[in-house]
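Chains as they are written, first to last, in the working numbering: chain A, 663 to 983; chain B, 444 to 722; chain C, 10 to 431.
Beta carbons are placed, not taken as given, at the ideal position from N, Cα and C, and that holds for glycine.
Worksheet: one structure, shown below.
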Amino acid sequence: MATLDTIDMADLDAQATARPRRWHIAVFLAPAVLIYTVVMILPLVETLWLSLLRVDPKTNTSFFAGLVNFQTLFGDPRWSASFWNALRNNVWFFIINMVVQNPIGVALAALLSVPTLKGRAFYRTAIFLPTILSFVIVGFIWKLILSPLWGVAPSLLKSVGLRHLFHPWLGMADSALTTVSLISVWQFIGIPMMLIYAALLSIPDEVLEAAEIDGITGWSQFWKIKLPLILPTIGIISILTFVGNFNAFDLIYVTQGALAGPNFSTDILGTFLYRTFFGYQLQLGDPNMGAAIATVMFAIILVGVCIYLFGVQRRLRRYQF
Amino acid sequence: MSRARFSLPRSAAMHAALILYTIIAVAPVLLIIINSFKDRRAIFSHPLALPGPKSFSLVGYQAVFSQGSFLTYFENSLIVTVVSIALVLLFGAMAAFALSEYRFRGNTLMGLYLALGIMIPIRLGTIAILKLMVATHLVDTLTALILVYTAQGLPLAIFILSEFMHGVSDDLKNAGRIDGLSEYRIFFRLVLPLIRPAMATVAVFTMIPIWNDLWFPLILAPSEATKTVTLGAQMFLGQFVTNWNAVLSALSLAILPVLILYLIFSRQLIRGITSGAVK
Amino acid sequence: MTKTFIKALLVASSVISIASVAHADDVTLTIESWRNDDTGVWQQKIIPAFEKANPGIKVVFAAAAPTEYNAALNAKLAAGSAGDLITCRPFDASLELYKKGYLTSVNDIKGMDNFGDVAKAAWQTDDGKTTFCVPMASVIHGFIYNEDAFKDLKLTPPKTHDEFMADLKKIKDDGTYTPLAMGTKDQWEAATMGYENIGPDYWHGEEGRKALIAGKAKLTDPEFVEPFKVLKEWAPYMGDGYQAQAYPDSQNMFTLGRAAIYPAGSWEIATFEKQAQFKMGAFPPPLPKAGDTCYISDQPDHALGMNAKTKHPEEAKKFLEWVASKDFAELYGNALPGFFPLTKEKVELQDPLAKEFLSWRETCKPTIRMTYQILSRGTPNLENELWVASANVINGTETPEAAAKKLQDGLASWYGPQKANK
């Protein structure tokens, strides 16, 4: 502690010879840490602890079982097949989101931040609209649009002569996952758009004016000046997309049901977890196996985030204005 | 002001792209709203048509308003959402400030600890949370929901806000210290106004999962007096029967308040930026 | 400023929560249920009848969405915040609750001997000694058809499989109607209104089901594979793009008059009669060959149990006694046509379509869905697997034989009596 204080400017004020305790740090941190720990962390720890237990069906009591649940998850052919299927689907879900959602979000934000653009507030509100909708609404809208029966989609395609392109995408195993991923993109594009928009707006005019004086405008201004400055934000968005996708559940639940059909082709880690932990229809919940899946999900996400934090984040330069 | 040349083709292209995407974003929602004003046959025979004199029907809205006290649901959703956002922003900004500003032992650890919450769905702790609420007599109260949503929203808020706070100039803060301002003053008077865009952004997308959440109102506060709008709307999704009219109407009604809240906060975003503090 | 604002909001919310505490004088019983759609009927017909006969007790029917019911109920029971009366799913889901101590025994509720053994079996311990929910209703499976359409096309309700397929072909050739209103997106219809609807005719109802449980028959035997083959034949007669047709779509397709035949469970009766503008009839599952014995799926659907931790056990018991009475059976059966009371006594039903379904109990042998008792206790869950398999077979992504084999392998992997039948 002593070394840090020698450069702490606050010390210049201190009259006393003894260093004053920095209570304000604790005060700033306390409320958040308190609520967070009591309402989120402790219950979650209790649940993760469940992954190390099993229930004896005869006496209905829990007993410590070590890593048995994990062994079953990875060792038993059925469980592991379900798990790897869910993981594979989740990765594809993430890829579609990264490849489609984020570039389009950045492009839209870039367009919106052009100072001479008129109607910016209107566009911003309109494009963000899907993001404020609940999963129930989103699922319902898209099921209706893609429905082959009174589909808006078939008639729209018919009007441009492309009717033969229409397929019941949500009902076919090879297209269902991509379709649901695209629906997710539609819903959440507002978030990268907003974050990047905020970041682009924080770039002071002087920087942009200086660039223009040097003759850099338009496209190259975007690539050479704006993009590098918003890389940290893009970083945040990437990691948020990663975490969000690997925790995703509601959209698949609403459009495809907890069984994530057809034929488990839309089953991702979140739906797999839900079915296992809470049960579904006749399948009884197995909180211990569910907790094991949750632990593995947590580990996957933790690894991804650490890779980002230590590999990427440190290397991004932050600019202060 | 930018002195870059204003070019008509380029501006037209930009608008075209934006309009195209706007249509993609908005049309599906309009579809729902338009159809909420039609009767059931018209909804399915001509989904794209505007409600005409024959097909116009308010039967959906009538069902919605008669089936439950939707006004109470709105009130509940509003209270829960607004209070949770307020707490998330306040406590989150405070914690983010502490993490980004001060170097102390355990800073990185605390940051990682607080970031853990982003990675795990809070639903996993449901049973333990419910037990907690039962023990503190908070079941069927809005306070239970507020506590859960605050805890849920804090990690992401802290993560994003601390990122933006790193960008606030150290010179400014040190100048404040030299002038004798306490850390609290520096936080409230100097730093907070500068990150208003980030605060507004965090507010906007903390609000959405809270407003649209079905799970926790169902478990923690399902009583008639504490139901939220989403829970109330879900009433119409039956086991085998879907009262389409009522569902569409309820969903349309549910969109409105979120939209208004969003518009309010996005105003703040603009104001924060145009009043540009640093210079 | 912000701080006072926050304080004000917190005060407001606590005031509102205090205001929601009920009156102390009347006892209020809360019923947990997934039957969202029945809320109106409960509030207008059923609850007033009980409250009139039992002053001082108020009843609240609190329904949750059916997809969330199991999970939400389990969470509430674990934390002690569930209602006084619980609507019980049949068989293992409720057996679990009883084993965990959440439900009480209802053996000594007056009127329990009104119910036959088959009815009680869905809510009994394996040894048959303790019943833990009072049976309320069962549902029967069959086919509902558009009588006006049939008259147009000069068709009569088919009795055998061949007649059924011929009818479908005629409807398709005519082109005005889609023959079958069913899709595979939600998957459960393919299993429940498909496989388990026509299946009993092939595996001879209770005989086949009990043989499966005893390990004497396996899912790859011909009588269990045949229904899959029949389902596959249905595919060309379902709507265009049926793979993405969900359950509400099928309902709407039928009630809007676009389809001629709807593979149904009797619970549809009430809704269809409200929404359809044409006359409807019903016929039981077509027999494999003329002259075969006919079987129908008569599935105990829901019952009412008492929360072991209820604060009002006496009042709850009164309600359960009422549920076991003939008065309730008649009220319920007529208020919710399509749900058939399980009492031994004869109940007069008004609705003609409901009467038609109920008449099959006399002419055909009833059985229950074969996945429900015991066979879905393990992992993989046979019921869920059946959903996926049935949908796959209709979609053409799995052959009937392969689907049956997958189910059998899954069952044999954990179920003792079947382990020898790998």
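Check                                                                                                                               : Outcome
Chain B contact residues for Lys194 (chain C), given Cβ-Cβ distances below 7 Å                                                      : None at all; the shortest Cβ gap to chain B is about 14 Å.
The region 705-723 of chain A / the region 398-412 of chain C touching (three or more Cβ pairs under 8 Å)                           : no
Under 9 Å (Cβ pairs) to chain B, residues found in the region 75-109 of chain C                                                     : Pro75, Thr76, Glu77, Tyr78, Ala80, Ala81, Asn83, Ala84, Lys85, Ala87, Ala88, Gly89 and Ser90
Nearest to Tyr154 (chain C) (by Cα), restricted to the options C:Met121, C:Phe292 and C:Asn79                                       : C:Phe292
Beta-carbon gap between Phe732 (chain A) and Val916 (chain A) smaller than 9 Å                                                      : no
Straight-line Cα distance separating Pro652 (chain B) from Ala538 (chain B)                                                         : 22 Å
Inter-residue spacing [alpha-carbon to alpha-carbon] between Leu819 (chain A) and His829 (chain A)                                  : 11 Å
Exposure of Lys670 (chain B), with buried meaning 16 or more beta-carbon neighbours within 10 Å                                     : buried
Under the three-state DSSP convention, the category Ser724 (chain A) falls into                                                     : strand
Assumed close pair Leu420 (chain C), Leu240 (chain C) - CB separation to whole angstroms, cut-off 8 Å                               : Not confirmed; about 19 Å, so no contact.
Residues that DSSP places opposite Ala268 (chain C) in a beta bridge                                                                : C:Thr187
Chain-ordered neighbours of Asn261 (chain C) on chain B, where CB pairs are closer than 7 Å                                         : Phe487
Closer than 9 Å to chain B by CB, Pro257 (chain C)                                                                                  : yes
Cut-off 7 Å between Cβ atoms - residues of its own chain near Ile56 (chain C), not counting five sequence neighbours on either side : Val68 and Phe70
Short Cβ contact (9 Å threshold) for Pro297 (chain C) with Leu351 (chain C)                                                         : no
Backbone secondary structure at Tyr381 (chain C) - three-state DSSP                                                                 : coil
Leu162 (chain C) and Ala269 (chain C) closer than 9 Å at C-beta                                                                     : yes
Best match in C:Met145, C:Gly192, C:Lys160 and C:Phe100 for proximity to Thr380 (chain C) [C-alpha to C-alpha]                      : C:Phe100
Cα-Cα separation between Ile930 (chain A) and Glu708 (chain A), rounded to whole angstroms                                          : 24 Å
For Ser775 (chain A), the three-state DSSP class (helix, strand or coil)                                                            : coil
Strand pairing of Glu41 (chain C), partner residues [DSSP]                                                                          : C:Ala71 and C:Ile95
Where Leu265 (chain C) meets chain B, residues with beta-carbon distance less than 7 Å                                              : Arg484 and Phe487
7 Å CB neighbourhood of Thr928 (chain A) in its chain, flanking five on each side removed                                           : Asn751, Ala838, Leu839, Val842, Ile914, Gln918 and Ala922
Where His150 (chain C) falls, given that 16 or more other Cβ within 10 Å makes a residue buried                                     : buried
Within the region 587-669 of chain B, ranges of the alpha helix (DSSP H) (whole runs, at least 4 residues)                          : 613-621, 639-654 and 658-663
Own chain, CB closer than 7 Å to Gly92 (chain C), minus 5 neighbours either side, in chain order                                    : Thr39, Ile40, Glu41, Ala71 and Asn316
Element boundaries [alpha helix (DSSP H), containing Ala255 (chain C)]                                                              : Taken as a continuous stretch (DSSP letters only), Ala255 (chain C) belongs to no alpha helix (DSSP H), as it is neither H nor E.
Same chain, Cβ closer than 8 Å to Ser479 (chain B), five either side skipped, listed in chain order                                 : Gly503, Tyr504, Asn688, Leu691, Ser692, Leu694 and Ser695
Inter-residue Cα distance where the pair is Phe59 (chain C) and Phe337 (chain C)                                                    : 9 Å
Where Tyr381 (chain C) meets chain A, residues with beta-carbon distance less than 8 Å                                              : Leu944
Beta-carbon proximity list for Val965 (chain A), same chain, < 8 Å, skipping 5 on both sides                                        : none
Inter-residue CB distance, Tyr705 (chain B) and Ile794 (chain A) (contact presumed, cutoff 8 Å)                                     : 6 Å
Under 8 Å by beta carbon: chain B residues contacting Met760 (chain A)                                                              : In chain order: nothing, as chain B lies at least about 17 Å away.
First through last residue of the alpha helix (DSSP H) which encompasses Asp101 (chain C)                                           : Asp101 to Lys108
Lys888 (chain A) classed as buried or exposed, judged by whether at least 16 other C-beta atoms fall within 10 angstroms            : buried
Thr569 (chain B): contacting residues in chain C (beta-carbon distance under 8 Å)                                                   : Ala84
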